[in-house]
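Undergrad: Structure in C-alpha cells, see below.
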Amino acid sequence: MVCEKDEVVQKVCELYDQISSLDSLKPSKDVNMLFTQLVLTCMPPSPIDVTKLCNKIQETRSNLIRLCGEAEGHLESHFSTILASYENPLLHLNVFPYYSNYLKLSRLEFDILTEHCSGHVPSNVAFVGSGPLPLTSIVLASSHLTTTRFHNYDIDPSANAKAVRLVSSDPDLSRRMFFHTTDIMDVTDALRDYDVVFLAALVGMNKDEKVRVVDHLAKYMAPGALLMLRSAHGARAFLYPVVDPCDLRGYEVLSIFHPTDEVINSVVIARKLPTTKHTGDNPLVPTKVPNKFLDIEMFDPLLNHVNLMEGIDIEEQLS
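Numbering-wise, my numbering comes out as the position in the sequence shown, counting from 1, plus 49.
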C-alpha cells in the first residue's frame with residue numbers, strides 16, 4: 050500500500066521494530082538513541098494523515114504510542130528520584146533533559162490560556178495525568194500562575210509520592226499544589242471547582258480512551274471552564290494520540306496550534322458549553338469547528354525552540 054512506501058513511515062516502522070525488541074524502556078544509551086531517532090524522524094512537517102493509514106500501520110502506531118508512554122514514564126520517574134536527592138529539588142530541575150521543552154511549552158500554553166481568560170487569573174487548575182515529574186504544573190505555578198492552586202491527578206500512587214517529594218520543600222508550592230491519587234473517571238462533582246483542566250497527552254492512549262475521558266470531563270466540568278489538551282499533527286502523531294476537534298463534544302473549540310518546529314505537541318483549547326445534556330447512551334452533539342482554527346502554525350520559532358536529548362549524555366544521570 051502507499052503508506053508502507055512512504056519514507057517516513059518506513060523509518061518509523063524500522064525504529065518501532067528496534068524499540069519493541071528492547072528488554073527494557075528504562076533510560077539507557079540504546080533507549081535514548083532510538084527515541085531520539087524516532088523524534089527526529091517524526092518532527093519535520095509532514096502531510097501524513099495517520100487516520101488514513103492502512104490497518105497494519107495503524108496497529109504499529111497504536112503500539113508505538115504505548116511504548117513512548119512507557120518510556121516517558123520511566124524517564125520521568127528516574128529523574129524525579131534524582132531530583133528528590135537534592136535538598137531543594139526545584140532548584141535543580143534543569144538536570145532533566147527535556148526541562149527546556151517544558152519551559153517553552155508551558156509558556157506557550159500560558160499565552161494561549163491568557164488569550165481566552167479575558168484578564169481573569171484562574172483560581173483553581175486541575176492537571177490530569179501529572180505523573181512523577183509534574184513539570185507543567187510546577188512551571189506554571191512558579192512562573193506564570195503564581196497565586197493559582199493546582200490539583201494534580203494521577204492514578205499511580207508511586208507517581209504522586211515522587212511528585213510530592215519534589216514540592217514539599219518549597220514553602221509556596223507546597224501550599225498551592227495538591228496531589229490526588231485516583232482515576233479521573235471516578236472524579237465527578239469536584240471537577241466543577243476548576244477554572245481550567247489540563248489533560249496530559251498520554252491520558253487516553255487511543256481514540257476511544259481519549260473520547261471517554263473527554264466526555265466524562267464534559268459531563269462534570271463547570272460551564273465556561275476551559276479544557277486544554279495536548280495533541281499531535283502529521284508524523285508527530287506516531288508519538289502521541291491525536292485529539293480530533295469533533296471528539297470534543299460539549300465544548301466550543303477556541304484554538305488549535307500546530308507547531309512546525311521542535312515542539313512536538315499541538316495545543317488545543319476549548320470552552321465547556323453552558324448547556325449539555327447527557328441522557329442514556331446518546332452521545333453529546335459534536336461542536337462545529339470553524340475552519341480558521343484548523344492547522345494553525347506557531348509564528349514564533351524562538352518561543353518553541355527546544356533542545357532534544359540529542360547530544361545529552363543521559364548516562365551521566367544513570368549512576
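Each residue gets a CB set at the ideal place from its N, CA and C atoms; glycine is no exception.
1. Exposed or buried, PRO183, counting other C-beta atoms within 10 Å across all chains shown (16 or more means buried)?
2. Alpha carbon to alpha carbon, how far is GLU63 from LEU116?
3. When burial is assigned at 16 or more other CB atoms within 10 Å of the CB, is GLU346 buried or exposed?
4. Could you give the residue range of the beta strand (DSSP E) that holds LYS321?
5. Less than 7 angstroms between the C-beta atoms of VAL292 and LEU278, yes or no?
6. With ALA120 and LEU74 assumed to form a contact (beta carbons below 8 angstroms), what rounded beta-carbon distance in angstroms separates them?
7. Run through DSSP, which three-state label would SER129 get?
8. Do TYR300 and ALA284 have their C-beta atoms within less than 7 angstroms of each other?
9. Which residue comes first and which comes last in the beta strand (DSSP E) that contains TYR65?
10. Quick one: Cα of ILE68 to Cα of CYS166, how far?
11. Beta-carbon separation of ASN209 and PHE228 under 7 angstroms?
12. Could you give the DSSP three-state label for THR237: helix, strand or coil?
13. Taking all protein chains shown into account, do 16 or more other C-beta atoms lie within 10 angstroms of the C-beta of GLU125, making it buried, or fewer, making it exposed?
14. Tell me the DSSP secondary structure of VAL99 in three-state form.
15. Measure the beta-carbon distance from VAL61 to CYS91 and round it to whole angstroms, keeping in mind my assumption that it falls under 8 angstroms.
16. Which residues in the same chain have their Cβ closer than 8 angstroms to the Cβ of VAL236, if we skip the five residues on either side of it in sequence?
17. Let me check understanding here. Comparing Cα to Cα, which of CYS103, ASN173, HIS200, MET82 lies closest to ASP55?
18. Name, in chain order, the residues that DSSP records as bridge partners for ASN201.
19. Give me, in chain order, the residues of the same chain whose beta-carbon lies closer than 8 angstroms to that of ASN137; leave out the 5 immediate sequence neighbours on both sides.
20. Rounded to whole angstroms, what is the Cα-Cα separation between SER223 and ALA212?
21. In this structure, what does DSSP give as the bridge partners for LEU304?
22. With a threshold of 16 other CB atoms inside 10 Å of the CB of LYS101, please say whether the residue is buried or exposed.
23. On the DSSP bridge list, what partners appear for SER280?
24. Assuming contact is defined by CB atoms lying nearer than 7 angstroms, are ALA274 and ASP238 in contact in what I supplied?
25. Taking the alpha-carbon of GLU108 as reference, which of MET82, TYR147, ASP66 has the nearest alpha-carbon?
TA: Looking at the atomic coordinates:
1. Under this definition PRO183 is a buried residue.
2. In this structure, the alpha-carbon of GLU63 lies about 14 angstroms from that of LEU116.
3. Annotation note: pLDDT 42 at GLU346 (below 50); position unreliable, coordinate value reported separately. With fewer than 16 Cβ atoms within 10 Å of its Cβ, GLU346 is classed as exposed.
4. Residues 315-321.
5. Yes, the Cβ-Cβ distance between VAL292 and LEU278 is below 7 angstroms.
6. About 4 angstroms; that satisfies the 8 angstroms criterion.
7. The answer is helix: DSSP assigns SER129 an H, G or I state.
8. It is not a contact, given that the beta carbons lie outside the stated cut-off.
9. Note, TYR65: premise wrong, no beta strand (DSSP E); alpha helix (DSSP H) at 56-69.
10. Distance between the alpha carbons of ILE68 and CYS166 is about 42 angstroms.
11. Taking 7 angstroms as the Cβ cut-off, ASN209 and PHE228 qualify as a contacting pair.
12. In the structure shown, THR237 adopts coil according to DSSP, grouped into three states.
13. With 16 or more other Cβ atoms within 10 Å, it is buried.
14. Here VAL99 sits in helix by DSSP.
15. The beta-carbon separation of VAL61 and CYS91, rounded to 7 angstroms, stays under the 8 angstroms limit for a contact.
16. Only TYR202, HIS229, TYR269 meet the Cβ criterion.
17. Restricting attention to CYS103, ASN173, HIS200, MET82, the CA atom closest to the CA of ASP55 is found in CYS103.
18. Looking at the DSSP assignment, ASN201 forms a beta bridge with PHE176, PHE228.
19. Counting only Cβ-Cβ distances below 8 angstroms, and skipping sequence neighbours, we find SER218, ASP219.
20. Within the model, the alpha-carbon separation for SER223 versus ALA212 is close to 11 angstroms.
21. For the sequence presented, residue 304 should be read as Ser rather than Leu. Looking at the DSSP assignment, SER304 forms a beta bridge with ILE318.
22. So LYS101 ends up on the exposed side.
23. In the DSSP output, where bridge partners are listed per residue, SER280 has SER315.
24. Not closer than 7 angstroms, so no.
25. That would be ASP66, whose Cα lies nearest to the Cα of GLU108.
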